[in-house]
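Working notes, beginning with the structure itself.
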Amino acid sequence: MIGIGPLGFMQQNPMVWVGLIQAYLLLTIIAVLLILGAGRPHTKKWHVVGALAHGPPLIAAFSSLDVFASMGVFGIIWVPITFHIIFLSLETLAAVYRH
0 MIGIGPLGFM QQNPMVWVGL IQAYLLLTII AVLLILGAGR PHTKKWHVVG
50 ALAHGPPLIA AFSSLDVFAS MGVFGIIWVP ITFHIIFLSL ETLAAVYRH
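Residue numbers are given in numbering that gives the first Met the number 0: position 57 of the sequence shown equals residue 56, and the series is strictly consecutive.
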């Protein structure tokens with residue numbers, strides 16, 4: 000078996016796959032909680048939680064830029080970095096802005 004595509008490197012290291020699945024499942028739980036909390040009064044705390052949820056992926060991505068470059072996937076890492084920066088900014092603005 001060989002890995003194909005930008006995430007093909009995970010085929011050689013199953014622990015990377017396990018960590019990735021754990022991260023996505025944890026963020027899914029946070030997303031569900033944010034959706035449930037959005038319908039309640041006083042949503043500021045939920046916007047703060049949403050903003051904080053984008054911190055760990057950004058820290059991991061920025062601190063691992065050299066690793067991504069050595070694997071030849073440096074270009075694609077900017078897609079999730081951009082995604083997390085945009086939604087970190089939106090959640091921060093929503094938390095600061097008074098409704």
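Glycine residues also receive a C-beta, built at the ideal position from the N, C-alpha and C atoms.
The residue among M9, I29 and S62 with its C-alpha nearest the C-alpha of W45 is I29. For M9, the three-state secondary structure derived from DSSP is helix.
Take the alpha-carbon of L64 and the one of T42: they are about 34 Å apart.
If you check the CB distance, H83 and L51 do not come in under 7 Å. Excluding the 5 residues flanking it on each side, F8 has same chain C-beta neighbours closer than 8 Å at G2, V15, M70 and V72, in chain order. Taking I76 as reference, the option from I20, P13 and A60 with the minimal CA-CA separation is A60.
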